[in-house]
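Trainee: For reference, the structure I am asking about is given below.
Structural data, given as C-alpha cells:
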C-alpha cells in the first residue's frame, strides 16, 4: 500500500491503482455554481479534481462552493439593485428599462462570482504566495504578500539583468 497526495494506492502486478472510496450520492443537485467550479477544476486543476473524486469528497466540496457562490450572488444582486435604484416601482412603470437594468446587474454580479469563487482555487493562491516568498525572501509564515512591491522587485531585477546583458555586449563588441 502506497500513500501519496492523500490517496492510497494498491499495487497489482507492479502497477499502483488508487483505492476508490465508496462515493455517496448528493442528497440534492449540486447547483449551477458547483457544476461550473467542477468544470473549472477538471480543465485547470486536474490533480485536485481527481483527488476529490477518489476520496469521495467531490459532492461535499462542490456543495460548499455552490452555497458560498449562491450566497454571494444573492447578496450582491440586492446591493446592486439598491445602489442603482432598481425597484418594483420601476418595474411597474417601465418594464423594459427594469429588465435591461436587471440583466446588466446579473452580468456584473456573475462576473464577480466567477472571479471570487468559481475560477479561484486556494492551491493557485498558495502557489503564487510560495513563489513570492521564494523570490522576495523575508516573508514570515502567515504574512500576506504585497504584490505591488513584488512587481516593483521583479521590474528592478529585470533592469539589473538587462544592464548586465548590455554591459557584456559592450565588452564583447
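In the numbering used here, the protein residues as written are 75 to 247.
Beta carbons: idealized from backbone N, C-alpha and C, even for Gly.
Anyone know if the C-beta pair for residue 187 and residue 127 falls short of 8 Å?
Mentor: No, they are not a contact pair.
Trainee: Since residue 133 is in the alpha helix (DSSP H), which residue starts that stretch and which ends it?
Mentor: Looking at the DSSP string, the run of the alpha helix (DSSP H) that includes residue 133 is 132-158.
Trainee: Assuming the contact rule is C-beta atoms closer than 8 Å, residue 136 and residue 123 should be a hit. Round their C-beta distance to whole Å, please.
Mentor: Contact doesn't hold; Cβ gap of about 10 Å is too wide.
Trainee: Whole angstroms is fine: what's the gap from residue 89's alpha carbon to residue 75's?
Mentor: Using only the alpha carbons, I get a separation of about 11 Å.
Trainee: Could you tell me the boundaries of the beta strand (DSSP E) in which residue 161 lies?
Mentor: First-last for residue 161: undefined, no H or E at that position.
Trainee: What separation, rounded to the nearest whole angstrom, lies between the Cα atoms of residue 237 and residue 148?
Mentor: So the two alpha carbons sit approximately 53 Å from each other.
Trainee: Buried or exposed: where does residue 194 fall if 16 or more other Cβ atoms within 10 Å of its Cβ makes it buried?
Mentor: The residue is exposed, with fewer than 16 neighbouring Cβ atoms inside 10 Å.
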